[in-house]
């Protein structure tokens, strides 16, 4: 199957080029270190999925101005700021198949260039002179930070409830997808029902996106993803597959899972053991079922826009969340 | 001599309490880790010098509203965000006499709580509904990040020119002081001449503040400052005393200074040697002379407000920059 993100990017080529130009203009700084660090990250064949959603939905809603371009850039800057700070945070090595920025320039520069991008996002938004948009964006930025903090704070916490996990991934991931889909309805002054539809679609899509990521981290294929299998396990992150597996194990196996998870250094052999336990609890299949609750809901959210020919792109993006590694 | 910052804080007690309440309200988060981390830093007997400048100048200009309280909080949040990220950056151990946040909670949390505070600052500013203020604040935030990046980028660069050093400390330090003094003139709609006076005062005060810090790092007394002498040297930071000393040494001594500075691990003995070289070049006295260019200019900037009884507080703050360690 063709990658629907690439098809969408092609379909929206004119706007995508505008977004890319605006990005390039805004990371061009008198300080070359800023230009190169930001550029390294933003150009590293990032798929720009969030901006694409903003552009597509603005098109669906027949938006005629240029605010959607700036919004898309802001969202991409905020996203990249969190990636840079996440590189510090997770000591992740491979980001989008390239060596991460902090491996090349060090933690210091990663943190500061993240700050630079975040500040640029606000500066850009100010250009729009819309208090309403600034309100949404600054609130989202707070929620993202809180979500990441809660994510770190619950590292190795095997007692993390499913409810709390869902609230964390909502904050750290779904929130930015939510506004990527919701903001176009603001700049086009839609009625409550349309606003709600895209708001909910963004939320459900974002939740599914993170769940899918968490599932692929245990059950995906390394090469295609440009990521290492088991990264979450090695970092002691608690994600849906672990929560599901732990809940459904007998007491003895529970103890084993705790032991494996609380080790100071977790090895590949430990990962194999965890995968065996997940096999026992049928975690892969059950996780896909859980994921499908969100993808189904996302599909329902946009059902009333079936008449719009662009809706098919949204549907394909949803489908891709489930099958992207198959 | 009494600490003029404490006297000023007492003088502005009513507003200071409002600022403190607003800070407390805004770091109270559903996620306790955020409240405790931010609180640790903000309450750690920080002197809140920047907010005090904003409050004092707003008073001098007879401002009657509440925007200055929110501005003061924003400025303190932005400042604290940079401190938190600076802790990551400089592996600084003692911040305001307490153990730094990242020693207790780790790099991860320091970075993210910094992001949280920065986002909160923007959210708060949005409340003021002033695009003009948001424009200034977001631009400052960009400049701060750039300044810190340039600071890190020039670590151990003994060829750093005085000019470039001044442009870096302008960005990383003076800029926030500048807007702390300038913003009150915006919310009170002052004429160009008053705006310029406080803008320039803030710039010169900020430059002097950083120069003073850099001088005390080599020539101050450790206990009073709650900082370790020679921290900049151990971190390989290029500051005014080093630039001055290097420039005025003969070639052989230059080579020695380079050798000491480029060592992977710099010891206390190395620091003594550097101090001996600085003695040779009369760096302490010459640095004070250089500093006084900025403090004198700052005094001149506010000369036309001599009639205002609050001006004495500003003057005392300037005097304190030179003698605070004597």
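Protein chains in written order, with our numbering: chain A, 53 to 378; chain B, 53 to 378. Beta carbons: idealized from backbone N, C-alpha and C, even for Gly. Bear in mind the structure is a predicted one, so any value in this text is a computation, not a measurement.
For residue 85 of chain B, the residues of chain A that pass the 8 Å Cβ criterion are 201, 202, 205, in the order they occur in the chain.
For residue 91 of chain B, the closest C-alpha among the options B:166, B:223, B:327 is that of B:166. Straight-line spacing of the CA atoms in residue 306 of chain B and residue 103 of chain A works out to 53 Å. No residue range can be given for residue 208 of chain B, since it is assigned to no alpha helix (DSSP H) and is classified by DSSP as neither H nor E. Close to chain B, meaning a Cβ-Cβ distance shorter than 7 Å, are the following residues of the stretch 173–186 of chain A: 174, 175, 178, 181, 183, 186. In the three-state DSSP reduction, residue 318 of chain B falls in the coil class, being neither helix nor strand.
Under the Cβ distance rule, residue 190 of chain B counts among the residues neighbouring chain A, one pair being separated by less than 9 Å.
Between residue 166 of chain B and chain A, the shortest Cβ-Cβ separation is below 9 Å. The beta carbon of residue 110 of chain A sits no closer than 9 Å to any beta carbon of chain B. The CB of residue 131 of chain A never comes closer than 7 Å to any CB in chain B; the least such distance is about 13 Å. For residue 86 of chain B, the closest alpha carbon among the candidates A:208, A:61, A:203 is that of A:203. Here the alpha carbons of residue 183 of chain A and residue 105 of chain A stand approximately 22 Å from one another. By alpha-carbon distance to residue 94 of chain A, the top candidate from A:345, A:297, A:61, A:132 is A:132. Excluding its 5 nearest sequence neighbours in each direction, residue 262 of chain B has C-beta neighbours in its own chain below 8 Å: 221, 224, 225, 226, listed in chain order. In chain A, no part has a C-beta under 7 Å from the C-beta of residue 127 of chain B; the shortest such distance is about 14 Å. By the C-beta density criterion, residue 160 of chain A is buried, having at least 16 other C-beta atoms within 10 angstroms. A distance below 9 Å separates the beta carbons of residue 100 of chain A and residue 124 of chain A.
With respect to the C-alpha of residue 213 of chain B, the residue from B:302, B:270, B:295 having the closest C-alpha is B:295. Neighbours of residue 81 of chain A in chain B, taken as residues whose beta carbon is under 7 Å from its own, are 198 in chain order. When rounded, the separation of the alpha-carbon atoms in residue 163 of chain B and residue 230 of chain A is 24 Å. Identification of chain A residues near residue 140 of chain B by a Cβ-Cβ cut-off of 8 Å yields 140, 159, 160, 163, ordered along the chain.
Between residue 322 of chain B and the set B:331, B:308, B:335, the nearest pair of CA atoms involves B:308.
In its chain, beyond the 5 residues on either side, 229, 350 have a beta carbon closer than 6 Å to the beta carbon of residue 257 of chain A. Residue 302 of chain A and residue 316 of chain A have their C-alpha atoms roughly 24 Å apart. Runs of the alpha helix (DSSP H) spanning 4 or more residues and lying entirely within the stretch 329–373 of chain B occur at 335–353, in chain order. For a Cβ distance threshold of 8 Å, residue set 163, 164, 167 of chain B lies close to residue 137 of chain A, ordered along the chain.
Taking one beta carbon from each stretch, the stretch 280–288 of chain A and the stretch 356–370 of chain A have fewer than 3 pairs nearer than 8 Å; the two do not touch. Beyond the five residues adjoining it in sequence on each side, residue 174 of chain B comes within less than 6 Å, by CB distance, of no other residue in the same chain.
Counting C-beta atoms within 10 angstroms of its own C-beta, residue 171 of chain A has 16 or more neighbours from the protein chains shown and is therefore classed as buried. In the displayed model, residue 64 of chain B falls within coil according to three-state DSSP, outside both helix and strand.
Taking residue 370 of chain B as the centre and dropping the five residues before and after it, the same chain places the C-beta of 257, 260, 347, 350, 351 closer than 8 Å to its C-beta, in chain order. In the structure shown, residue 113 of chain B adopts coil according to DSSP, grouped into three states.
Distance check between residue 181 of chain A and each of B:374, B:360, B:187 places B:187 closest, using alpha-carbon atoms only. Only exposed fits residue 208 of chain A, as fewer than 16 other CB atoms lie within 10 angstroms of its CB.
Annotated three-state conformation of residue 55 of chain B is coil, per DSSP.
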